[in-house]
Every structure is written in structure tokens, then in C-alpha cells.
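Mapped onto this note's numbering, the consecutive letters of the sequence shown carry residue numbers 1255 to 1337.
In what follows, a structure is listed as C-alpha cells, so that the remarks can point back to it.
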Amino acid sequence: MAMLPTQAKLLMPALMVTAGKDPVLLPVFSKGMENVIPNLTRGHIEECGHWTQMERPSELNTILISWLKDTHNNTGVAMTPKL
1255 MAMLPTQAKL LMPALMVTAG KDPVLLPVFS KGMENVIPNL TRGHIEECGH
1305 WTQMERPSEL NTILISWLKD THNNTGVAMT PKL
């Protein structure tokens, strides 16, 4: 039996970063994402428009690095620095 789109879930870790001044993708548009993405982590940059990586690269990198570390730590695989 085929799964309806409303029944499908993305089970991998996912990150959604919203921006407080985004005129295209308002943060409220992502409401309810946890229903289909149970492993969703949210980040938010209040003083930013649509292009987070161009407008606030440092803030976005902080969110991304934190999420990547947390996601990796949840795998149980040891992290070995290469540098």
C-alpha cells in the first residue's frame, strides 16, 4: 500500500534556520514541521533577511557548527581531529 504524503516522515536529523526579517519565508510558515520531521532542530536569526548565509554568515555558522556537533555526538562515533 502506498503511503500518503501526510503519513510520510523524514527520520534523519534536520536543521531549519529561520530569519526574523525574511519577507519570503516567514518563520510562521515552518510551523508544524516537527509533525513530519521528528528529529528537527530549529535555529533563528532575528536581525536577518532571506539570505542568511550572505547577511549573517557568522551567526549562521555558529548555528550550523553547533547542530553538526550535536548531531555527530548523538551517533556515538568518536570524533578524531584531523588538524
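Think of the CB as a built atom: it goes at the ideal place given N, C-alpha and C, for glycine as much as any other residue.
Between the CA atoms of residue j and residue i - distance to the nearest angstrom
i, j, result
"N1289", "L1337", "40 Å"
"H1298", "N1328", "22 Å"
"A1262", "M1287", "12 Å"
"M1333", "P1292", "25 Å"
Contact check, residue i vs residue j, beta carbons under 8 Å
i, j, result
"L1269", "W1321", "yes"
"T1306", "L1294", "no"
"G1303", "P1267", "no"
"E1301", "K1323", "no"
Residues bridged to residue i [DSSP beta-bridge criterion]
i, result
"L1264", "According to DSSP, which records beta bridges pairwise, L1264 is partnered with nothing at all."
"A1332", "None; A1332 has no bridge partner."
"H1298", "T1272"
Outcome for residue i when other beta-carbon atoms lying within 10 angstroms are tallied against a minimum of 16
i, result
"A1273", "buried"
Neighbourhood of residue i by C-beta, 7 Å cutoff - its chain only, sequence neighbours within 5 removed
i, result
"S1284", "M1270, T1272"
"H1326", "M1333"
Residue i Cβ short of 7 Å to the ligand GTP heavy atom set
i, result
"K1323", "As for the ligand GTP, it is missing from this structure, which has no ligand bound."
Sequence-distant residues of its chain with Cβ nearer than 6 Å to residue i (five each side left out)
i, result
"R1310", "I1299, C1302"
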